[in-house]
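Notes to accompany the following structure.
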Amino acid sequence: MATSMQHLGLAPETQAFVPLAEHQSRTPASFYDGPPVLHYHNTDCNIVIDKTQLEDTPLQRVLDHQSPTNDDIATNGGSADDLDDGDNNLVVLHGFEVWVATDQVYLFSRSASTGVTIPYPAIIVHATRRMSFPGRPDEQVQGLYMQVAGDEMDEEDADQETVTMTIVPSDTEMDEEKPEPENQLLFNAVTACSNLCPDPEGNDDDDDDDIGNGAPINFDGMITADNMHQLMDSNGNFVGFGGPSPAFPLPLGPGAGTVHAREDAEEEDTDEHVNGASNGEDDEVKWRRTD
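Counting along the sequence shown from 1, when you hit position 195 you're at 195 in full-length UniProt numbering, and nothing is skipped either side.
Put into structure tokens, the structure is as follows:
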């Protein structure tokens, strides 16, 4: 099973990112160019993942380097039976450095000199998770649970193969700069960056896209005195956003969009009053409100 995770041969340099605090302290010259903004960085994280799913991902190289047999896992602080309620398929990959930037998530093992990058559209689900961890049978740890889509993401495929993993940050003491637990900071960073990288638009069978298809791209949807001329022909008739659209195939009826002068309105109001009185229908006369 191929995944959308890409192999990372070199660890990214922290200097290649713009720190979030620096980014928020000034107005950038451009919102589209420039280095990614770093929302989170941790130099010591563990990854809990199913061994059967790991075999078809670039993280397999870390597993080969670490060789987590039962004895090796016990040496690192636990046994295979300690993993997530005794699921022997789960393995722990130790010593990962994690960067959460606006472009993607970076996971890198310096001991194995390998890692992966995960684009945000490939992260189907992410959430905080409490779980048991090797070496701490009586203690629950918290991490970031992620479900990563396969190489070809298809929203209509209910049986799409995915890779699930949990990133467990190292325990750090609370301080003024980090008022929240590490797993919550990690979750907040992935959430914020995911919102900046929406899923690519797919084929939508709804008719929502048909509404306003005739409007020019640079039209902001507001009709004002400055752009009214774009909606009128040379005779002063309202023509709309460049003609009929699939959502509105019929032309406008007679008089639609015609601008009446105040004198015309007063004359029309007078005619209605006279006609009503001459026919003996004073009670049925509809008066026009004027300012």
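Using N, Cα and C, we set each Cβ at its ideal position, and we do this for glycine too.
Problem - Buried or exposed by the 16-neighbour rule on C-beta atoms within 10 Å, applied to residue 196 - result: If you number the sequence shown from 1, residue 196 lands on position 196. Exposed, since its Cβ has fewer than 16 Cβ neighbours within 10 Å.
Practice task
Return yes when the Cβ of residue 60 is within less than 8 angstroms of the Cβ of residue 128, no when it is not.
Solution key: For the purposes of this step, residue 128 is taken as residue 128 along the sequence shown, with counting starting at 1. For the purposes of this step, residue 60 is taken as residue 60 along the sequence shown, with counting starting at 1. No.
Exercise for the section: Quick one: grab the DSSP three-state call for residue 21. Expected result: Stepping through the sequence shown from its first residue, residue 21 is reached at position 21. Looking at residue 21 - three-state DSSP - the assignment turns out to be helix.
Handout entry: Assigned exposure category for residue 92 - 16 Cβ within 10 Å defines buried
Key = For the purposes of this step, residue 92 is taken as the residue at position 92 of the sequence shown. Buried, because 16 or more other Cβ atoms sit within 10 Å of the Cβ of residue 92.
Problem - Beta-carbon spacing of residue 44, residue 115 below 8 angstroms - result: On the sequence shown, position 44 is the one that residue 44 refers to. On the sequence shown, position 115 is the one that residue 115 refers to. No Cβ-Cβ contact shorter than 8 angstroms links residue 44 with residue 115.
Problem - Helix, strand or coil at residue 64 [DSSP, three-state] - result: The residue you call residue 64 lines up with position 64 of the sequence shown. Correct three-state label for residue 64: helix.
Practice task
Please report how far the alpha carbon of residue 89 lies from the alpha carbon of residue 119, in whole angstroms.
Solution key: As a first step, residue 89 must be located in the sequence shown, where it is residue number 89. As a first step, residue 119 must be located in the sequence shown, where it is residue number 119. Within the model, the alpha-carbon separation for residue 89 versus residue 119 is close to 26 angstroms.
Exercise for the section: Can you give me the Cβ contacts of residue 62 inside the same chain, cut-off strictly under 7 angstroms, excluding the 5 residues immediately before and after it? Expected result: Here residue 62 refers to the residue found at position 62 of the sequence shown. Taken in chain order, the residues that qualify are 93, 109, 112, 114.
Problem - Closest by C-alpha distance to residue 131, when choosing among 38, 64, 169 - result: Residue numbering aside, residue 131 sits at position 131 when the sequence shown is read from its first letter. It is 169.
Exercise for the section: From the DSSP output, read off the bridge partner residues of residue 193. Expected result: On the sequence shown, residue 193 is found 193 positions in, with the first residue counted as 1. In DSSP, residue 193 forms no bridge with anything.
Problem - Own chain residues within Cβ distance below 6 angstroms of residue 146, not counting five before or after - result: Taking the sequence shown and counting its residues from 1, one reaches residue 146 at position 146. Once the five neighbours on either side are set aside, the close Cβ partners of residue 146 are 123, 126, 165.
Practice task
Please confirm whether residue 20 and residue 39 have their CB atoms less than 8 angstroms apart.
Solution key: Mapped onto the sequence shown, residue 20 falls at position 20. Mapped onto the sequence shown, residue 39 falls at position 39. Going by beta carbons, residue 20 and residue 39 fall inside the 8 angstroms limit.
Problem - Limits of the unbroken alpha helix (DSSP H) element including residue 15 - result: What you label residue 15 is simply residue 15 of the sequence shown in a count that begins at 1. Here residue 15 belongs to no alpha helix (DSSP H), and DSSP marks it neither H nor E.
Practice task
Determine the closest residue to residue 149 out of 186, 117, 36, 102, with distance taken between C-alpha atoms.
Solution key: For this step, residue 149 is matched to residue 149 along the sequence shown. Selection 186, 117, 36, 102 evaluated against residue 149 yields 117 as nearest (Cα-Cα).
Handout entry: Proximal residues to residue 102 (C-beta, below 6 angstroms), its chain only, five neighbours per side dropped
Key = Counting from one through the sequence shown, the residue named residue 102 turns up at place 102. Sequence-distant Cβ neighbours of residue 102 in its own chain, meaning closer than 6 angstroms and more than five residues away, are 36, 37, 193, 196.
Problem - Assumed close pair residue 34, residue 18 - CB separation to whole angstroms, cut-off 8 angstroms - result: On the sequence shown, position 34 is the one that residue 34 refers to. On the sequence shown, position 18 is the one that residue 18 refers to. Correct: roughly 7 angstroms between the Cβ atoms.
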